[in-house]
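Presented below is the structure to which this report refers.
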Amino acid sequence: MARGFESKDVEFQQAERERGTQLGRGLTPDERTAQDRRQTIELALSRARADLAAARTPAHTHMLTAAIAALEQQLIPISAPGTNGSAS
393 MARGFESKDV
403 EFQQAERERG
413 TQLGRGLTPD
423 ERTAQDRRQT
433 IELALSRARA
443 DLAAARTPAH
453 THMLTAAIAA
463 LEQQLIPISA
473 PGTNGSAS
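With our numbering applied, the sequence shown corresponds to residues 393 to 480, in that order.
This is the structure in structure tokens:
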């Protein structure tokens, strides 16, 4: 039975190595941080938009609209070429 696990591990390692070559160069720590931050903001933006669609009171709608605008502003420096996403 150990041989079966061993061959699966070798297969996994080969697949990971192949996947790494297909992805191209790795990301720098700054690029990885910017990518993670962008994904986090995009998720928050998606949630805020869904909440806005379900909002029933004007105050809640206003608050969500402001939150969406703020999140979109946070995405601008991350999306701009030549920036590292550290602007706050």
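Beta carbons are placed, not taken as given, at the ideal position from N, Cα and C, and that holds for glycine.
Using a Cβ distance threshold of 7 Å, Asp-443 and Leu-435 do not count as a contacting pair. At a Cβ-Cβ threshold of 7 Å, Ile-433 and Gln-465 do not count as neighbours. When the beta-carbon positions are compared, Ile-470 and Ala-440 stay at least 7 Å from each other. Rounded to whole angstroms, the separation of the alpha carbons of Glu-403 and Glu-410 is 11 Å.
Residue environment: Leu-463 is assigned as buried (16 or more neighbouring CB atoms within 10 Å of its CB, all protein chains considered).
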